[in-house]
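In this note's numbering, the protein residues as written are 253 to 542.
The beta carbon of each residue, even a glycine, is placed where N, CA and C say it ideally should be.
Keep in mind the model is a prediction, meaning the values are calculated, not measured.
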Amino acid sequence: MKLRPFSVHRPRSVREASHLLDELGDEAAAYCGGTELLLAMKLGLTGFAHLVDLKQVDDLRGVTGHDGSLRIGAASTHHEIESSPAVRALYPEMSSMSSRVANLRVRSVGTLGGNLCFADPHSDPTTFLIAAGATMLCQKGDDTRRIPAVEFVTGPYQTLLEPGELLVAIELPALPDGTGLAHLRMKLHERPVVTVAAMIRVTRGAVSDARLAVGSVGVVPVSADAADSLLGAAAANFGTRADGCAEEAAVTSRPLPDGDCSPEYLRHLVRVHSYRALIAAFAAARSGGP
Ligand SMILES: Cc1cc2nc3c(=O)[nH]c(=O)nc-3n(C[C@H](O)[C@H](O)[C@H](O)COP(=O)(O)OP(=O)(O)OC[C@H]3O[C@@H](n4cnc5c(N)ncnc54)[C@H](O)[C@@H]3O)c2cc1C
């Protein structure tokens with residue numbers, strides 16, 4: 253199938269891009285690397301007469317670190333993120349997670365913002381960013397707002413973004429000493445069938461904060477409530493508690509059959525990956541992580 257003709261607009265600022273999208277309404281969409289949007293248009297799944305190219309908008313680009321926190325411009329490609337010295341120094345797990353997204357060709361043009369805004373249920377970064385406690389900086393016209401990563405995706409291919417609103421940057425908080433992060437996933441074909449990320453903080457030998465995010469199996473990635481059961485755990489009982497937490501995450505996950513995997517098998521994958529991610533994050537936290 254061929255792409256139908258469309259006009260491309262190249263704004264230089266977030267404000268200009270947002271105004272363009274507002275003015276052009278349903279006839280227009282933002283695009284960055286185009287790895288999702290152009291494919292969907294080519295397959296006839298969607299169509300737009302106008303595309304607003306975000307690649308030359310400076311505010312959407314670049315990765316900067318400040319006092320341990322990171323700001324990643326939404327138009328940064330996965331490859332730019334995996335090879336960024338700031339990401340490697342402050343969030344090595346973000347760098348490692350990015351290096352496993354797709355293949356080099358897709359990572360070289362596909363962006364973090366495009367991944368998050370497309371909201372395909374099979375996403376590595378969305379799951380990781382929930383566990384890391386990240387925030388999405390969004391802008392419509394002159395108005396900005398910050399949305400916690402866990403609230404950003406509202407359904408398959410749906411986010412909290414309003415028409416004309418752009419994702420500008422992803423902000424990752426500084427991680428105190430004694431924090432460990434781990435991201436695990438399994439792929440059968442192109443996209444992951446399960447993604448699990450864990451954050452564990454250890455203070456004076458015991459767990460003082462814990463998050464477990466489970467994605468790719470259901471319609472939206474979720475933060476598992478079961479992680480609260482890890483609070484207070486120490487080396488002697490962490491394994492048992494992690495086992496219980498992983499079991500609970502599996503039971504409460506709502507997997508959809510995806511053609512290759514039954515819901516029962518997906519629950520099994522959630523259980524195994526959750527346990528392994530929790531153990532890895534705990535080990536990293538005890539060794540002073542990240
Ligand atoms: C072969 C293949 C394998 C893949 N494997 C994986 C994988 O293993 N793990 C994984 O997580 N992902 C995977 N992906 C998905 C990949 O990460 C995304 O295709 C890519 O990141 C999308 O970025 P893009 O810039 O090309 O988005 P585009 O196609 O340009 O845009 C996607 C959507 O986001 C919107 N958009 C883009 N930027 C913004 C913004 N700043 N503000 C508001 N809206 C915006 C657009 O309007 C569009 O609706 C794979 C994709 C392919 C094609």
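**OP:** Take A580 and list the residues in its own chain whose beta-carbon comes closer than 6 Å to its own, dropping the five residues that flank it on each side.
**Re:** It is not possible to answer for residue 580, since the shown part of the chain is limited to 253 through 542.
Subject >> Residue from E414, S505, V405 and L255 whose Cα sits closest to the Cα of L289 >> reply: L255
**OP:** Could you tell me which uninterrupted beta strand (DSSP E) segments, each at least 3 residues in length, are contained entirely in the region 481 to 537, listed from first to last along the chain?
**Re:** none
Original post:
With distances taken between CB atoms, is the gap from Q391 to L413 smaller than 8 Å?
Top reply: no
**OP:** Specify whether the region 313 to 330 and the region 338 to 356 touch according to this definition: at least 3 beta carbon pairs, one from each stretch, less than 8 Å apart.
**Re:** yes
**OP:** Compute the minimum distance between the beta carbon of A326 and the heavy atoms of ligand 1, and state whether it is under 7 Å.
**Re:** yes
Original post:
So, L433 versus A386, is the Cβ gap smaller than 8 Å?
Top reply: no
Original post:
Taking the C-alpha atoms as reference points, what is the distance between S468 and F300?
Top reply: 28 Å
**OP:** Compute the Euclidean distance between the alpha carbons of V472 and G407, then round it to the nearest angstrom.
**Re:** 6 Å
Subject >> Assigned exposure category for L273 - 16 Cβ within 10 Å defines buried >> reply: buried
Original post:
How far does the beta strand (DSSP E) with R437 in it reach, from first residue to last?
Top reply: T431 to K439
Original post:
Looking only at C-alpha atoms, which of D429, V260 and D512 sits nearest to L342?
Top reply: D429
**OP:** Decide if L297 is buried, meaning its Cβ has at least 16 other Cβ atoms within 10 Å, or exposed.
**Re:** exposed
Original post:
Using DSSP with H/G/I as helix, E/B as strand and the rest coil, what is R340?
Top reply: helix
Subject >> Spatial neighbours of G277 in its chain, beta-carbon cut-off 6 Å, leaving aside the 5 residues before and after >> reply: none
Original post:
How should S195 be labelled, buried or exposed, when 16 other C-beta atoms within 10 angstroms of its C-beta is the threshold for buried?
Top reply: Outside the modelled stretch of the chain, which goes from 253 to 542, sits residue 195, for which no answer is possible.
Subject >> Range of the contiguous alpha helix (DSSP H) that encloses S328 >> reply: No alpha helix (DSSP H) holds S328; DSSP gives it neither H nor E.
**OP:** May I ask you to report which of helix, strand or coil DSSP gives P542?
**Re:** Unreliable placement is indicated for P542, whose pLDDT of 49 sits below 50; the coordinate value is still reported in the next sentence. In this structure, P542 counts as coil in the three-state DSSP scheme.
Original post:
From R240 to T363, what does the alpha carbon distance come to, in whole angstroms?
Top reply: Only positions 253 to 542 of the chain appear in the structure, and residue 240 is not among them; the question remains open.
Original post:
Between the Cα of R453 and the Cα atoms of H302, V474, A536 and M438, which residue gives the shortest distance?
Top reply: A536
Subject >> Option in A281, L368 and R528 with minimal Cα separation from E403 >> reply: L368
Subject >> Alpha-carbon spacing of L436 relative to V446, whole angstroms >> reply: 8 Å
Original post:
For H374, does the three-state DSSP call read helix, strand or coil?
Top reply: coil
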